[in-house]
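Here's the structure we're looking at; comments come further down.
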Amino acid sequence: MRQKKAPIDYQLEYMEHLFFCIKHKKTESYVIHRIWDKLDDMRIRFVVQQKVELPNGRYALADLYLPQIGIFVEINEPFHAFQKKEDDYRNENIIKLTQNDQFIISCGNPNKDGEWLSLNEIHQQIDQCVAFIKERINQIQDLKPWDMSKWLSVEYHKQKGVFKAEDNDQLRTIDDICAVFNTKPKYHGYLRVGTASVPNKEKLEIWYPNIHNRSGWSNHLSEDQDTFEEFNEKDEIKRKKHVDTCIEDNKLRITFFRHKDELGMEFYKFIGIFALDIEESKKQNKCIWRRKSREYKL
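The opening residue of the sequence shown carries number 1 in the UniProt record's numbering; numbering runs sequentially from there.
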């Protein structure tokens, strides 16, 4: 009997991944750690290395972004004194393009280029930054807490009663997906099958594809997420047999696409209901799935 591994709390895992991603940026890592600890508010989501496209076509990576309250935090080391023009252009455009506020923590001595401030002086700026963040939080009456641990739970989705692509609905595991539908993953021996049945609905099945599976199977998702191509790259016989089986079954697929976020954490994201394009599947000898709906009511 397979034992179900209890997942780590999402927010704990998220913060572990976040700090791991910036471990090579020692100063940024230290400052962001201290902001997180001093703020001590799990409602607020931290995002590091947030990409912002600048008017010159280049991208700026913001050190810390708090999306719920519209604040960017920049952490400047002493070498930034030698690129002040570039930093000013970058910071001005981040504020202008995002309509967010920015707080700059300068670790360099403003009176002597290249020289570090003392730790106490840096701590004073961090305290000011935390006070600025807390003030903003208190000003927002309808703050939506960062509660992904709840939003990723089976109970939340059962209570919600509907999956919507526009809501960015996600779950962490295939077992969780199946639990929402009161079913279980199917297995052939120790190998898990790529779909699961929906109780009392013969023409529906749950599908949880990723881009590359083992044993030669591939799934290609179009950029607009409206079309999936499913096929075996190595075995023409298996490929043809699978197309024939899917045509014969002609089921709709409730689809959860496996993907990674900016921190490398894996999720299964609901992207819609897909139907087989039979004629195109015959023509290309691969299963062509077209999105028919962006939501599914339980």
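Using N, Cα and C, we set each Cβ at its ideal position, and we do this for glycine too. Source: prediction; values computed, not measured.
- For the UniProt domain "PvuRts1 I-like SET and RING associated" (158 to 297), the full-length beta strand (DSSP E) segments reaching 3 residues or more read 162 to 164, 195 to 198, 201 to 207, 217 to 221, 227 to 232, 252 to 260, 266 to 276, 287 to 293 and 295 to 297 along the chain.
- For ILE122, the uninterrupted alpha helix (DSSP H) segment begins and ends at 119 to 139.
- With a 10 Å radius around the Cβ and a threshold of 16 neighbouring Cβ atoms, HIS24 comes out exposed.
- Close CB contacts of ASN182 within its chain, under the 8 Å cut and outside five residues either way in sequence, are with PRO199 (chain order).
- Taking the CA atoms as reference points, ILE35 sits about 34 Å from PHE270.
- At a cut-off of 3 residues, not a single continuous stretch assigned as beta strand (DSSP E) sits fully inside the stretch 18 to 51.
- By alpha-carbon distance to LEU204, the top candidate from VAL193, ASP169, CYS246 and LEU252 is LEU252.
- Taken through DSSP and simplified to helix, strand or coil, TRP151 comes out as helix.
- A contact between stretches requires three or more CB pairs, one per stretch, nearer than 8 Å, and the stretch 243 to 251 fails this requirement with the stretch 210 to 228.
- Under the three-pair Cβ rule at 8 Å, the stretch 130 to 146 counts as touching the stretch 68 to 76.
- Taking C-beta atoms as the reference points, TYR208 and ARG258 count as a pair closer than 8 Å.
- Per DSSP, reduced to three states, the secondary structure at GLN68 is coil, with no helix or strand assignment.
- Counting along the chain, ILE104 sits inside the beta strand (DSSP E) bounded by residues 101 to 106.
- Around the beta carbon of GLY264, fewer than 16 other beta carbons lie within 10 angstroms, which makes this residue exposed.
- Three or more beta-carbon pairs drawn from the stretch 11 to 30 and the stretch 38 to 57 are found closer than 8 Å, and the two stretches are therefore classed as touching.
- In the DSSP assignment, ASN76 is bridged to SER106.
- Here THR245 is exposed. Its C-beta has fewer than 16 other C-beta atoms within 10 Å.
- According to DSSP, residue pairing for LEU61 in a beta bridge involves LYS51.
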